[in-house]
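To start, the structure itself, in structure tokens.
Residue numbers (this note's numbering): 108 to 245.
This is the structure we're talking about:
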């Protein structure tokens, strides 16, 4: 059984989260520099079976594409070319960064750790993955 890997795309950093093989739990995986993401993902997928990618869809509060949508779509095209047999799903990522910041406070993370953007990116990826799993009854 393969894992589902979620991606919180950013032009500088990409937050990653992954399910366990039984698709019960979503866990943070890593934060990777955007320009290294495809190479990192190829390396990861050579070691672990990934059956699908879930990428956050950047939307404004009114449901229209945000200004980062074109860069995200460009990344998704590159992802599709690099992994042609792996399905790519999109999930609304509105408010995930805010929810991630709130979750870090609730978890008792120190202020210094909450200020690390990579931590927010990883937790945002977990929230994207959990949203996908809930919508698809995993």
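Glycine included, each C-beta is placed from N, C-alpha and C at the ideal position.
For residue 138, which three-state DSSP category applies?
For this step, residue 138 is matched to residue 31 along the chain shown. It is a strand residue.
Look up residue 159 in the DSSP assignment and give the residues it is bridged to.
Here residue 159 refers to the residue found at position 52 when the chain shown is read from its first residue. BP columns for residue 159 point to 111.
State the beta-bridge partners of residue 121 as determined by DSSP.
As a first step, residue 121 is located in the chain shown; it is residue number 14 there, counting from the start. 139.
What is the C-beta distance between residue 234 and residue 126, in whole angstroms, given that I count them as a contact (C-beta under 8 angstroms)?
As a first step, residue 234 must be located in the chain shown, where it is residue number 127. As a first step, residue 126 must be located in the chain shown, where it is residue number 19. 13 angstroms between Cβ atoms; not a contact.
Output the boundary residues of the beta strand (DSSP E) element that contains residue 132.
Taking the first residue of the chain shown as position 1, residue 132 is located at position 25. Neither: residue 132 is in no beta strand (DSSP E) and is coded neither H nor E.
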